[in-house]
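Terminal number for the sequence shown in UniProt numbering: 509, no gaps in between.
Accompanying notes for the structure given below.
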Amino acid sequence: MNKNYYAVIDIGSNTMRLVIYLQEKTGRFHEKENVKAVARLRNHLDSENNLTEEGTEILLKTLHNFSEILASYPLKNFICVATATIRQANNQRELKQLVKNELDWEMRILSGDEEAFYGYLAVVNSTSLTEGITIDIGGGSTEITYFKNRKLVHAYSFSFGTLTLRSYLKSDRSLDENLNYLRQFLLERFESLSWIVDKHVPIIGIGGSARNLAQIDQNQKEYPMAGLHQYQMDESDIIRISEYLTSLSFEQLQKVEGLSKDRADIIIPAIETFRCLYKTVHAEGFILSQKGLRDGLNYQFLFSEQSDMLIPNVLEDSIQELITDYDLNTKQMLHVQFLTRKLFEHLIGERLKGVTKQDWQLLKRASYVFHLGAYIDAESSAQHSFYLLSNRTIDGLMHEDRLKIALIASFKNKTTFKQFIKPYKNWFTKHEQNKYLLLGALLKLTYCFDATKRQVVKDFDVKNHSESVQITLFCNKNYMSESYQSEKQKKHLEKALNKNIILDFVKHN
């Protein structure tokens, strides 16, 4: 079977990176190789804004190293792009020709607007955010966009980045003087964009500096979940980390957990940039996007024959990927979803345990991936299901929502539920915990209604009594297995509801 490999080389001001992707059956791209070189090309622009001979040598040597890795892959598509430093270099034409002569590659130099657009495209195709402001701070430029209803409204590229901002920190000034000078500069620049001032929307951070900020925050909080994509922070988190990092010496900065050693000298200007943007926007939160420029370029590959490059529903697309990856039974899933919806709506009608109509979306999503861990091992499917769902990035889901789905879709019994939720108990109220346990028990029972995956139970009636719930299930085939499993597992929902459940299976053609 032929595999579709795509490769992107991103020539940035601070780092150069080669990423090779494999296109999966679902159409999505998964990283196979990610090779980074800290080239610091920005430091090799001379007084006339030409990339120096030394800088050119670093550029070409790194690209030759990348070419050796690329030789191992049959590529369907390949693109080499350059951003701020090459864009700002007066000798960019000569550099393009050198790359063409030595490697036979077309080095595409992105404009600031193009760089901003690809960052925006990556964010709206990997989150469920419909409105927000993106920021991608590189070594030599900073791109800002504003999108609403998932459509790009404004974009701007500032000609400053972490390496240029670092020069504002002078050794003959105190730390406070340096920070005040830097903040004043940044606030003035951001306030010049009227379309971001007092916008009261989330900020989405893209790129290595934003990623390091999130990693530091997770380490300081001993964050129990894996993954950075769609991780959320607030202004107090950014201020706390800023104050912590500015209190350290350079040697201490290099040892900070979550901070890449090669970013130790540029992380403070980056965090001050995020802090000043947050203040200008009066943001509703700071969300980390692991998807950025290179992913945006991939979406252009993916939608090359379409005018609209937006995935219609990011979360549905991501769930479909899980269904494919874990070979889940779609026919059973849809049938159980029908049964689950009917029982859920009865609970809503009876106003039991504070369940609301809004909880259906949560239960529906969990029903798609119920006990997917059985793909690994049926006996410990609950443990595998919880681990996979709580630690795998699901585009379109914030971390807390991913955890809710993991708790419901992995439900086995109250004991394991308590084990799974223990590290996260302070995330939810007692009422919320009880609700997720109830929804998990409900889903477990409705899956028992289709224990043999034959859609034996076609429909059912529910009658609610003061101390019991009577369910009459209409079957068109032998229901022995369904009856056995349902009787065995109904106790979990009985405990959650504090009511007896009477099951009556009847043949009904």
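For glycine and all other residues, C-beta sits at the position ideal for the given N, C-alpha and C.
Bridge-paired residues (DSSP) for residue i
i: residue 155; result: 145
i: residue 343; result: Answer by DSSP bridge pairing: none, since residue 343 is not bridged.
i: residue 7; result: 20, 78
i: residue 426; result: In the DSSP output, where bridge partners are listed per residue, residue 426 has none listed.
i: residue 457; result: 475
i: residue 462; result: 471
i: residue 500; result: 468
i: residue 51; result: 45
i: residue 513; result: Any answer about residue 513 is impossible in this case: the structure gives the chain only from 1 up to 509.
DSSP state of residue i mapped onto helix, strand, coil
i: residue 30; result: strand
i: residue 196; result: coil
i: residue 376; result: coil
i: residue 298; result: helix
i: residue 406; result: helix
i: residue 178; result: helix
i: residue 358; result: coil
i: residue 369; result: coil
i: residue 470; result: strand
i: residue 511; result: Because the chain here runs from 1 to 509, residue 511 falls outside it and cannot be looked at.
i: residue 35; result: strand
i: residue 495; result: helix
i: residue 310; result: coil
i: residue 45; result: strand
i: residue 201; result: coil
i: residue 171; result: coil
i: residue 507; result: strand
i: residue 388; result: helix
i: residue 420; result: helix
i: residue 304; result: coil
i: residue 338; result: helix
i: residue 326; result: coil
i: residue 451; result: coil
i: residue 397; result: coil
i: residue 166; result: helix
i: residue 291; result: coil
i: residue 349; result: helix
i: residue 61; result: helix
i: residue 411; result: coil
i: residue 580; result: One cannot answer for residue 580 here, as it falls past the ends of the chain, which runs 1 to 509.
i: residue 190; result: helix
i: residue 2; result: coil
i: residue 208; result: helix
Contact belief for residue i with residue j at Cβ below 8 Å, rounded distance in angstroms
i: residue 204; j: residue 289; result: 5 Å
i: residue 492; j: residue 444; result: 6 Å
i: residue 200; j: residue 284; result: 6 Å
i: residue 449; j: residue 482; result: 6 Å
i: residue 66; j: residue 98; result: Actually they do not touch by this definition, with Cβ atoms about 15 Å apart.
i: residue 371; j: residue 380; result: About 10 Å separates the two Cβ atoms, so there is no contact after all.
i: residue 280; j: residue 197; result: 6 Å
i: residue 119; j: residue 227; result: Not confirmed; about 20 Å, so no contact.
i: residue 207; j: residue 265; result: Not quite, the Cβ-Cβ distance comes to about 16 Å (not below 8 Å), so this is no contact.
Nearest residue (CA-CA) to residue i, options the options
i: residue 495; options: 440, 452, 26; result: 440
i: residue 223; options: 248, 257, 157; result: 257
i: residue 16; options: 410, 46, 85; result: 85
i: residue 465; options: 501, 36, 456, 446; result: 501
i: residue 155; options: 213, 244, 144, 148; result: 144
i: residue 263; options: 14, 65, 174, 93; result: 14
i: residue 238; options: 207, 2, 340, 277; result: 277
i: residue 296; options: 486, 116, 91, 107; result: 116
i: residue 33; options: 108, 434, 22, 279; result: 22
i: residue 534; options: 90, 322, 474; result: Lying outside 1 to 509, the shown extent of the chain, residue 534 is not represented and no answer is given.
i: residue 53; options: 168, 245, 41; result: 41
i: residue 397; options: 138, 130, 163; result: 130
i: residue 37; options: 56, 12, 27; result: 12
i: residue 375; options: 9, 384, 56; result: 384
i: residue 77; options: 111, 356, 20; result: 20
i: residue 325; options: 209, 504, 94, 373; result: 373
i: residue 31; options: 56, 4, 49; result: 4
i: residue 438; options: 329, 176, 497; result: 497
i: residue 181; options: 428, 168, 476; result: 168
i: residue 80; options: 51, 411, 110, 57; result: 110
i: residue 316; options: 368, 281, 329; result: 368
i: residue 386; options: 363, 416, 358, 365; result: 416
i: residue 423; options: 461, 431, 407; result: 407
i: residue 151; options: 350, 308, 343, 418; result: 308
i: residue 323; options: 266, 388, 294, 267; result: 388
i: residue 458; options: 342, 113, 361; result: 342
Any chain D beta carbon closer than 8 Å to residue i
i: residue 158; result: Although the question refers to chain D, the structure presented lacks it and comprises just one protein chain.
Point to revise | Those runs of the alpha helix (DSSP H) which lie wholly inside the segment 212 to 265 and span at least 4 residues | key: 235 to 246, 250 to 253
Check your understanding: Which runs of the beta strand (DSSP E), 3 residues or longer, sit entirely within the segment 67 to 146?
Key -> 75 to 82, 107 to 109, 131 to 137
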